[in-house]
Structure formats: structure tokens, C-alpha cells
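Student: Pasting a structure here, questions to come.
There are 2 protein chains.
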Amino acid sequence: MDKIPILRMGNFLLVTIQVDLYDRLALDLEADLVQMVNKTSSRGVLIDISAVSIVDSFMGRIIGNIASMSKILDAETVVVGMQPAVAITLIELGLPLKGVHTALNVERGMNLLKSMIGSDIQDGEETDDDDTFAE
Amino acid sequence: MDKIPILRMGNFLLVTIQVDLYDRLALDLEADLVQMVNKTSSRGVLIDISAVSIVDSFMGRIIGNIASMSKILDAETVVVGMQPAVAITLIELGLPLKGVHTALNVERGMNLLKSMIGSDIQDGEETDDDDTFAE
Numbered sequence: 001m002d003k004i005p006i007l008r009m010g011n012f013l014l015v016t017i018q019v020d021l022y023d024r025l026a027l028d029l030e031a032d033l034v035q036m037v038n039k040t041s042s043r044g045v046l047i048d049i050s051a052v053s054i055v056d057s058f059m060g061r062i063i064g065n066i067a068s069m070s071k072i073l074d075a076e077t078v079v080v081g082m083q084p085a086v087a088i089t090l091i092e093l094g095l096p097l098k099g100v101h102t103a104l105n106v107e108r109g110m111n112l113l114k115s116m117i118g119s120d121i122q123d124g125e126e127t128d129d130d131d132t133f134a135e
Numbered sequence: 001m002d003k004i005p006i007l008r009m010g011n012f013l014l015v016t017i018q019v020d021l022y023d024r025l026a027l028d029l030e031a032d033l034v035q036m037v038n039k040t041s042s043r044g045v046l047i048d049i050s051a052v053s054i055v056d057s058f059m060g061r062i063i064g065n066i067a068s069m070s071k072i073l074d075a076e077t078v079v080v081g082m083q084p085a086v087a088i089t090l091i092e093l094g095l096p097l098k099g100v101h102t103a104l105n106v107e108r109g110m111n112l113l114k115s116m117i118g119s120d121i122q123d124g125e126e127t128d129d130d131d132t133f134a135e
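Rendered as C-alpha cells:
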């Protein structure tokens, strides 16, 4: 199990980080995510880090990279589920995650993504995908 | 990182299995999931095993257990993203995952869950939660 799975949910991609992001795994995740954004025409990326209890500057940089890469491909990135201790560590490390949106949990993150790209969906070709989430 | 995170998405819970389910981790997941179903009044559990490339009888049993426990609490379980090799192994091991619904990917799994519990949502108290997914 040397790959982090990327789940497609309508217009969004969801990634749950459960393992330590050592170098190769992180670079693979970056590459996979960007390719997946391209392939699926996704408009948003949700990264759940609720299982992450230890964070270092490398991981902070990887998350920033993913957000920047996705942004160029017209997808917003939202990091969700951050533990309080991780937030404390990030700020103490001097990594305020600039350019990365955050939300408390997946549901709020998804709402945030929808509000950010909301106006585009109404008349886009992705309307069919959105039915997946509609009642 | 010794816990598998459980993500709440509206009426459903989503679990992505990315690591080997050794004994304690699997039992913790069972317990956490059942408590979460109870706490959040969830109607469905989606288990993504797209990152699982090796499966044994223990894991097959755990998935069956989760499905049975959730069923008693009135939640359906759908296993999604199974790799072809895993399906082959499960059948060769004599574990046809009876009582567990399966779907090709998360989107189809979510549609399956919705079709299974669909009629209940319309007039349930969970209607507000569903707005999360509606446009």
C-alpha cells in the first residue's frame, strides 16, 4: 500500500492522509492529484488530515505545493480536520499555510468549495456530476 | 497514526482503508464506526478499499462484521473500489462477502446507498443534513 487513494466525488476529489508523508509518497501524491484534477476536470480538492497528529515543515510545504498546482489547473484546495495540536505546531514552525483554505470538517470543507466555485457549476458541463450529490 | 479516520458526509460515513488492518486497528475501527453510526444517526457506511492490494480471511471477516453491526443500527454498508485481484482472492478464499453491498467507486456507492435509503430521507429529520450535498 504505497499510494494514497484519491476519491472522486462529483466535482471534487477527496484525499485522506493516514500515513506519514515521507518523501516519495508525498511526491507521488502531488503528481497523482494533479493528473487526477486534469483527467476528471475537478474543481476542488479536499485534503483530510484528521489522522495526522505530527506535522513538520516538509508536510506543510507539500500541502502548499498541492494547493498551488491545483490552483493553476483551476481547482481550489481545502484542508480539513486539522487537529488543534497540528495548528499550533504549524504556526510555531512559521508555516501559516498561505493560499490554502481550511475548514473544520469534510462537510464544511465541501460547503466552502461549493460556495467558492458555486456560480460556475450552474451553467457548466459538470451539472450532471452534481446530481450525484443532489437528492 | 494508529486510528483510521471516519469522515461524515451528510447521512453517510466514509472510511478509506490505506493500511494493513492488523488486529487491534481492525477492532478499533469496528468499535469507532459503530459508535459513530450511533452518534451521528448515519444511514450508510462507505468503505473504500481501493488502496488495499492484499486481502486475507481476517480482513474479509472484519468487513462482514462491520456490515452486520451497522445493519443492526439501521445503516447499510457498501464496500467500494475493490481491486480485481482482491475480488479474485476473496472468492478463492471462499469469502463471497455475503450481506455486504459493493460498488465500483465512491460515487456509485453513494448512489447505491441513496437508492437503498432514499425513501426514508424525504420525510426524515436528516433532511437538513442532505442540503449539504444539494446544489
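So the sequence lines, in the order shown, correspond to chains S and V.
Counting from 1, one number per residue, gives the positions in the first sequence under the UniProt record's numbering.
Counting from 1, one number per residue, gives the positions in the second sequence under the UniProt record's numbering.
Every residue gets a Cβ at the ideal spot worked out from N, C-alpha and C, and that includes glycine.
#1: Would S:Val34 count as contacting chain V if we go by Cβ distances under 8 Å?
#2: Mapping the DSSP letters down to three states, classify S:Arg8 as helix, strand or coil.
#3: Please check if any C-beta of chain S sits within less than 8 Å of the C-beta of V:Met9.
#4: If you measure from the CB of V:Asp20, is any heavy atom of the ligand ADP nearer than 7 Å?
#5: Is the number of C-beta pairs between the stretch 14-32 of chain S and the stretch 14-25 of chain V that are closer than 8 Å three or more?
#6: Using beta-carbon positions only, say whether V:Ser57 and V:Leu95 come within less than 8 Å of one another.
#7: Measuring alpha carbon to alpha carbon, tell me which of S:Ile117, S:Thr40, S:Met36 ends up nearest S:Ile66.
#8: How big is the Cα-Cα spacing for V:Gly10 and S:Leu33?
#9: How about S:Val19: is its C-beta nearer than 8 Å to some C-beta of chain V?
#10: Verify the CB distance criterion: does V:Lys39 have a CB-CB separation below 8 Å to chain S?
#11: Report the CB separation of S:Ile49 from S:Val86 in whole angstroms; it is logged as a contact under 8 Å.
#12: With distances taken between CB atoms, is the gap from V:Leu104 to V:Leu97 smaller than 8 Å?
#13: Would you give the residue range spanned by the beta strand (DSSP E) that S:Ile47 belongs to?
#14: How many Å lie between V:Gly81 and S:Thr102 at the Cα?
#15: With DSSP run on the structure shown, which of helix, strand or coil describes V:Ala75?
#16: Is there a Cβ of chain S sitting closer than 8 Å to that of V:Pro84, yes or no?
#17: Decide if S:Ser3 is buried, meaning its Cβ has at least 16 other Cβ atoms within 10 Å, or exposed.
#18: Can you round the beta-carbon distance between S:Val100 and S:Ile63 to whole angstroms, since I take them to be within the 8 Å contact cut?
#19: Is S:Glu126 helix, strand or coil when you go by DSSP?
#20: Would you say V:Asn105 faces chain S, with C-beta separation under 8 Å as the test?
Tutor: According to the structure data:
#1: no
#2: strand
#3: So yes, V:Met9 belongs to the interface.
#4: With respect to the ligand ADP, the structure offers nothing, as it holds no ligand at all.
#5: yes
#6: Yes, Cβ-Cβ distance for V:Ser57 and V:Leu95 is below 8 Å.
#7: S:Met36
#8: Approximately 24 Å between the Cα atoms of the pair.
#9: yes
#10: no
#11: 7 Å
#12: Not in contact: V:Leu104 and V:Leu97 (Cβ atoms no closer than 8 Å).
#13: 44-48
#14: 27 Å
#15: coil
#16: no
#17: According to the sequence displayed, residue 3 of chain S carries Lys and not Ser. When all chains shown are included, S:Lys3 counts as exposed.
#18: Indeed they touch by this definition, with Cβ atoms about 6 Å apart.
#19: Residue confidence for S:Glu126 is low, a pLDDT of 43 falling below 50, so the modelled location carries little weight and cannot support an answer.
#20: yes
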